[in-house]
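Participant:
Residue numbers (this note's numbering): 1178 to 1583.
1) What's the call for residue 1197, buried or exposed, on a 16-neighbour Cβ count within 10 Å?
2) In whole angstroms, give me the CA-to-CA distance for residue 1538 and residue 1500.
3) According to DSSP, simplified to helix, strand and coil, what is residue 1407?
4) For residue 1178, is the classification buried or exposed, using 16 other Cβ atoms within 10 angstroms of its Cβ as the cut-off for buried?
5) Does residue 1470 pass the burial test, meaning 16 or more other C-beta atoms within 10 Å, or should it be called exposed?
6) Please state whether DSSP places residue 1292 in a helix, a strand or coil.
7) If you drop the 5 nearest sequence neighbours on each side, which residues of the same chain put their C-beta closer than 7 Å to that of residue 1565?
8) Give the list of continuous beta strand (DSSP E) stretches no shorter than 3 residues that lie fully inside the segment 1313 to 1365.
9) Nearest CA to the CA of residue 1332: which residue from 1301, 1200, 1448 and 1214?
10) For residue 1267, is the classification buried or exposed, using 16 other Cβ atoms within 10 angstroms of its Cβ as the cut-off for buried?
11) So, residue 1411 versus residue 1458, is the Cβ gap smaller than 8 Å?
12) Output the boundary residues of the beta strand (DSSP E) element that contains residue 1504.
13) How many Å lie between residue 1219 and residue 1294 at the Cα?
14) Could you give the C-beta distance for residue 1352 and residue 1324, rounded to a whole number, given that I count them as a contact under 8 Å?
15) So the candidates are 1485, 1493 and 1442; which of them puts its Cα closest to the Cα of residue 1472?
16) Excluding the five sequence neighbours on either side, which residues of its own chain have a C-beta within less than 7 Å of the C-beta of residue 1588, listed in chain order?
17) Thinking C-alpha only, which one of 1209, 1232 and 1255 is nearest residue 1245?
18) Please classify residue 1490: is it buried, with 16 or more other beta-carbons within 10 angstroms of its beta-carbon, or exposed?
19) Return the residue from the list 1287, 1212, 1242 and 1205 that minimises the CA-CA distance to residue 1509.
20) Here's the rule I'm using: 16 or more other beta-carbon atoms within 10 Å means buried, otherwise exposed. How should residue 1363 be labelled?
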């Protein structure tokens, strides 16, 4: 019997070849290479992920019979809530965390990453973060509107942003949320310091965290003038609604409250079921002098297709449907994932417009419009954040008086 263990030549060579493919960069156009690696991932996962094996057998899709990556069965994202979908023994995991539980907060998926898989993820997402969030600087003073992994080890965003902090943050970067909530005094002081020094900063966190903060500032009449080059990177608010405001309102508020223009607001789609993050192209395009045409970029080691909600067959570019992702970096789970996110392909990549509501067989737009809670934020973090933001105006006035008295 063929050896598919993490120590086997098959897996070691596959990891090496995927990493080499990623390191070729964003201009890589090796379609045959992608196809070969995807089929090798399929062989591994068919033989090691038992729920996926049964799924493929039911569809009559087996290694050796599938010749193109497009024909690899895409497992529904709901499977991650029902099964542990890993191509390695669970006890070998280096990272363990949960999916966001957006659709069903009480039934989250369990995501496990083995050490070599973590290396692939960090290489791929590090390259993308450099390209789309920090294309013009090596490091920036970074403020993370999330708890640290020490506080939230099961939160994928906290784990991922710790890597971002170490790769791109200056030594004085720091987390903004602790067990007591948002350190509002520090955040306001840091924003005012950036105004005085002219040093650009970057704030990264959940979309909802930004929405709550900017609405609190708006309520209390607090405004900042962050230096040119400052930027926001938000994750989670990728549907039609960004928590409690629309996408358009989010960018208007970032300009009015923080003086960060839309082209310096980079939204990122991160899913536990898919290892690669999908970044907006706006900052990179702006610096290259291209007009604003926001889209999520599909990097060379991934493929994204839009399929019909009923037939699951591909739809023409520009038509809405369910997003299906093929990701080589997903070697540790399954290479092909069928999501319930609704979107469409654009010339620059893809966009998301909602989530498919299977129970009523319709797009969940009304639920999104009426949402009073954010996506991708645990209830305790949401509670701590909202409680902390009740005193934005008073703290801002206090810090202003203190600075004036120096």
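Each residue gets a CB set at the ideal place from its N, CA and C atoms; glycine is no exception.
Facilitator: The answer reads as follows:
1) Here residue 1197 is taken as the residue at index 20 of the chain shown, counted from 1. Classification for residue 1197: exposed.
2) For this step, residue 1538 is matched to residue 361 along the chain shown. For this step, residue 1500 is matched to residue 323 along the chain shown. Because residue 1538 carries a pLDDT of 39, less than 50, the predicted location of this residue cannot be relied on, and no value is offered for it.
3) Residue numbering aside, residue 1407 sits at position 230 when the chain shown is read from its first letter. Residue state, collapsed to three classes: coil.
4) For this step, residue 1178 is matched to residue 1 along the chain shown. It is exposed - the Cβ of residue 1178 has fewer than 16 other Cβ atoms within 10 Å.
5) Locating residue 1470 in the chain shown gives position 293, counting from the first residue. Classification of residue 1470: exposed, given that the 10 Å Cβ count is below 16.
6) On the chain shown, residue 1292 is found 115 positions in, with the first residue counted as 1. Residue 1292 falls in the helix class under three-state DSSP.
7) As a working mapping, residue 1565 is identified with position 388 in the chain shown. Counting only Cβ-Cβ distances below 7 Å, and skipping sequence neighbours, we find 1358, 1359 and 1361.
8) Counting whole runs of 3 or more residues, the segment 1313 to 1365 contains the beta strand (DSSP E) stretches 1318 to 1322.
9) Within the chain shown, residue 1332 is the residue found at index 155, counting from 1. Answer by Cα proximity: 1448.
10) If you number the chain shown from 1, residue 1267 lands on position 90. When all chains shown are included, residue 1267 counts as exposed.
11) Within the chain shown, numbered from 1, the residue matching residue 1411 stands at position 234. Within the chain shown, numbered from 1, the residue matching residue 1458 stands at position 281. It is not a contact, given that the beta carbons lie outside the stated cut-off.
12) Looking up residue 1504 in the chain shown gives position 327. Start and end: 1498 to 1504.
13) Start at 1 with the first residue of the chain shown, and residue 1219 comes out as number 42. Start at 1 with the first residue of the chain shown, and residue 1294 comes out as number 117. Cα-Cα distance, rounded: 15 Å.
14) Translated into the one-based positions of the chain shown, residue 1352 becomes position 175. Translated into the one-based positions of the chain shown, residue 1324 becomes position 147. Between residue 1352 and residue 1324 a beta carbon distance of about 6 Å is seen, short of the 8 Å cut, so the two are scored as contacting.
15) Here the question's residue 1472 lines up with position 295 in the chain shown. Nearest of 1485, 1493 and 1442 to residue 1472, Cα basis: 1442.
16) Not covered by the structure: residue 1588. The range shown for the chain is 1178 to 1583.
17) Against the chain shown, residue 1245 aligns to sequence position 68. Cα-wise, what sits closest to residue 1245 is 1209.
18) By 1-based counting over the chain shown, the position of residue 1490 is 313. By the neighbour-count rule (16 or more Cβ atoms within 10 Å), residue 1490 is not buried but exposed.
19) The residue labelled residue 1509 in the question sits at position 332 within the chain shown. When only C-alpha atoms are compared, the closest one is 1287.
20) Residue 1363 sits at position 186 when you count from the first residue of the chain shown. The residue in question, residue 1363, is exposed, as its Cβ has fewer than 16 Cβ neighbours within 10 Å.
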